[in-house]
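Data block below; observations after.
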Amino acid sequence: MRCQVSVLYFARSAELAGLRCETLSVPREITSLQLWEEIVKVHPRLAVIRDQVVFAVRQEYVLLGDQLLVLQPGDEVAIIPPISGG
């Protein structure tokens, strides 16, 4: 079963994806790594930041890996790459 989620792109991820937000259809039950792979299928250029990216799902940080996510229609998924400061 799939559901529509809002994907928000920040900083470098927005540059690579070419947009700041979109709605994607993804499986309701999915690991965080599988979710990343679904997003990279749509935006292959994001693959270069894979080892640096963190998700926020419903405003909770999630590392890429085997963590199972149970998504609801309309959930918000934020792609947060490292942000350099100075």
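To convert, take the position in the sequence shown, counting from 1, and add 5; that gives the numbering used here. Even glycine gets a Cβ: it sits at the ideal position worked out from N, Cα and C. Quick caveat: nothing in here was measured; it's all calculated off a predicted structure.
When beta bridges are read from the DSSP output, I44 appears opposite no residue.
Assignment of P49 by DSSP, reduced to helix, strand and coil, places it in the helix class. For A22, no beta strand (DSSP E) run applies; the uninterrupted alpha helix (DSSP H) run containing it begins and ends at 17-22, by DSSP. By alpha-carbon distance to R50, the top candidate from V12, Q9, A19 is A19. Rounded to the nearest whole angstrom, the CA to CA distance from Q64 to L13 is 11 Å. When the beta-carbon positions are compared, L29 and V47 come within less than 8 Å of each other. Only residues of its own chain outside the window of five on either side were considered, and among them R33, L76, P78 have a CB closer than 6 Å to the CB of C8, listed in chain order.
DSSP, read as helix, strand or coil, puts R55 in helix.
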